[in-house]
Amino acid sequence: MIALGLLTVAAACHAAWNLLVKSSGQAGPEFVWLYAVLGAPASLALLGWSITQGTVGPALWSGLVSTVLHTGYAVVLQKAYGGGEFSVVYPVSRGTTPVLVTLAAIPWAGWPTPKAWCGVGLVLCGVVLTDNRWTRSEMSRGSVLGLAVAACSCAYTLWDAFAMAGLGARVLPYLAVGNLGQVAVLSAVVAPRHRRAGRVLAQWRRALPVAALVPASYGLVLVAMSLEPVGAVATGRTLNVLLGTLLGVVILRERLTPVRAAGLAAVAGGVLLVSA
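The sequence shown runs 1 to 276 under UniProt numbering.
The structure is reproduced here in structure tokens:
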């Protein structure tokens with residue numbers, strides 16, 4: 001239950017920064033670069049402190065792998081919000097991730113319990129209900145982009161779980177290396193597009209809370225990974241679907257239909273089954 005509490009707080013942070021990313025109106029990597037740069041001073045301080053404490057260890061090289069995976073995720077997410085609705089991309093991407101993680105982790109984590117499978121099934125049903133476009137003959141663009149985000153999320157979730165539990169990486173230097181690596185990678189990407197980057201710089205006030213919420217939300221997830229199996233953590237993170245949809249209703253004025261409300265209830269039930 002401690003892990004579930006951590007994931008609840010992480011879900012609130014995650015839903016908040018995703019909403020800020022969506023409202024930025026940007027579809028390219030420049031906004032990702034901006035909030036990564038804003039978080040770089042804190043990352044440098046954390047990395048320096050970790051070096052003096054001798055706690056960097058495997059976080060150095062494993063954090064570089066995480067950099068590649070998280071950067072790909074962040075850029076695909078930015079693209080998804082530029083081309084799809086928040087109320088579609090967010091629940092589809094967060095809700096389908098645990099299914100991918102659970103299936104991918106079977107070779108070393110073992111076959112999930114019947115209760116866990118029921119929880120995953122409820123989550124999937126809830127996701128289908130939250131996006132009524134799944135009932136049409138063709139998936140919406142938001143659903144397709146949401147699935148692409150889910151694939152990226154699955155990849156970094158599996159690697160980060162291995163880094164925490166298998167390699168013994170510490171959370172703070174791991175996050176610091178990942179952020180600084182992201183700044184380096186994206187600086188090379190946006191350098192030839194300096195005119196667009198210059199326009200994005202004007203949104204630094206919107207990017208500042210994102211720079212704080214991104215490491216806060218995922219730092220809590222990494223701590224939860226040290227307490228629970230990766231499949232349970234991935235499914236527990238679908239609490240984001242609940243909070244994200246509520247934010248969409250309250251802030252973006254999206255409709256909360258009875259069918260969507262039933263989907264949210266199914267997601268909540270599935271999370272409790274897996275995380276209990």
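From the three backbone atoms N, C-alpha and C, an ideal C-beta is built for every residue, glycine too. What you are looking at is a predicted structure, and each value in this text was computed from that prediction instead of being measured.
Practice task
Please name the residue in ARG260, LEU256, GLY219 and VAL249 whose C-alpha comes closest to that of THR8.
Solution key: GLY219
Handout entry: Touch test, the segment 144-157 against the segment 190-198, Cβ-Cβ under 8 Å, three pairs minimum
Key = no
Practice task
Tell me the start and end of each unbroken alpha helix (DSSP H) in the segment 184-258 that is at least 4 residues and wholly inside, in chain order.
Solution key: 194-200, 204-225, 230-236 and 239-250
Handout entry: Own chain residues within Cβ distance below 7 Å of LEU242, not counting five before or after
Key = LEU264, VAL267 and ALA268
Handout entry: the segment 208-222 contacting the segment 33-45, beta-carbon criterion three pairs below 8 Å
Key = yes
Practice task
Determine the extent of the alpha helix (DSSP H) in which VAL101 is found, giving its start and end residues.
Solution key: 86-104
Practice task
Measure how close the beta-carbons of VAL75 and VAL21 come, nearest whole angstrom, since I'm counting them as under 8 Å.
Solution key: Not a contact, Cβ separation roughly 11 Å.
Practice task
Count the other CB atoms, across all protein chains shown, that sit within 10 Å of the CB of SER187; report buried if there are 16 or more and exposed otherwise.
Solution key: exposed
Practice task
In angstroms with no decimal places, state the Cα-to-Cα distance between SER62 and THR257.
Solution key: 44 Å
Exercise for the section: Count the C-beta pairs between the segment 65-72 and the segment 93-113 that are closer than 8 Å, then say yes if the count reaches three, no if not. Expected result: no
Problem - Spatial neighbours of TYR81 in its chain, beta-carbon cut-off 7 Å, leaving aside the 5 residues before and after - result: VAL21, LYS22 and VAL89
Exercise for the section: Would you mind sorting TRP204 into buried or exposed? The rule is 16 or more other CB atoms within 10 Å of its CB. Expected result: exposed
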